[in-house]
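Chains as they are written, first to last, in my numbering: chain A, -18 to 96; chain B, 480 to 593.
Ideal Cβ placement from N, Cα and C applies to all residues, glycine included.
Everything on this sheet refers to the single structure shown next.
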Amino acid sequence: AQSVTQPDIHITVSEGASLELRCNYSYGATPYLFWYVQSPGQGLQLLLKYFSGDTLVQGIKGFEAEFKRSQSSFNLRKPSVHWSDAAEYFCAVGELQTSYDKVIFGPGTSLSVIP
Amino acid sequence: NAGVTQTPKFRILKIGQSMTLQCTQDMNHNYMYWYRQDPGMGLKLIYYSVGAGITDKGEVPNGYNVSRSTTEDFPLRLELAAPSQTSVYFCASQSFPTGRGEAFFGQGTRLTVV
């Protein structure tokens, strides 16, 4: 069965430091991969997505992620974190079913930013 | 732009009560979803709809019902509330079924069953 793991439940970084959030998936074919961000009290917002092609994808708010098939990973990175990046981050893998998109979400990583 | 609107934002129910969580989208999306979010568990799909008049079960449908009489509205019904249904509920919609589309989420409904 398809699954998504995010090994880090909670990460704390200092403002201005670099960030990497880990995501590993289990999926037979080439997946569709997503990163979503959830600010406190808000719904989820798409940061970036990978469908095919270049394995390094750029997203909004200065985030990027790299798809590594050999490691079944899709880690999210940002070179310099801002205090406003404090939020919950979800990695997700999608697959086409016969009738709808099946999207499986990871458990999330909570990011705290120290001023 | 309104996007996906959920009401109410918060609700406390007593065991055995019923309620309807409302979800409306103004983007003319055919595909709509209801998820529940539990701490450390990510989001689990409850029900989905691929268009008006068409609904189907997701991963965790027990205790819930849905209807889709219009493209815009996708209400979620809890008939006999149980403590296990304490969660945050998110409605989402998207235009494409292929996984290529971005899902747009509402702000969520925090439900507590006591």
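Beta bridge pairing from DSSP links A/Val(-15) with A/Tyr6. A/Trp64 counts as exposed, since fewer than 16 other beta carbons sit within 10 angstroms of its beta carbon.
Residues of the stretch 494 to 528 of chain B that bring their beta carbon within less than 7 Å of a beta carbon in chain A comprise Tyr510, Gly519, Met520, Gly521, Leu522 and Tyr527, in sequence order. As the crow flies, the alpha-carbon of A/Gln52 is around 26 Å from that of B/Ala582. For A/Phe55, no CB of chain B lies under 8 Å from its own CB, so it is not counted at the interface with that chain.
Exposure of B/Phe489 is indicated by the presence of fewer than 16 other C-beta atoms within 10 angstroms of its C-beta.
Excluding the 5 residues flanking it on each side, A/Phe86 has same chain C-beta neighbours closer than 6 Å at Phe71 and Ala73, in chain order. Straight-line spacing of the CA atoms in A/Ile(-8) and A/Leu0 works out to 9 Å. Assigned with DSSP and collapsed to three states, B/Arg515 falls in strand.
Taking all protein chains in view, the Cβ of B/Val567 is crowded by 16 or more other Cβ atoms within 10 Å, so the residue is classified as buried.
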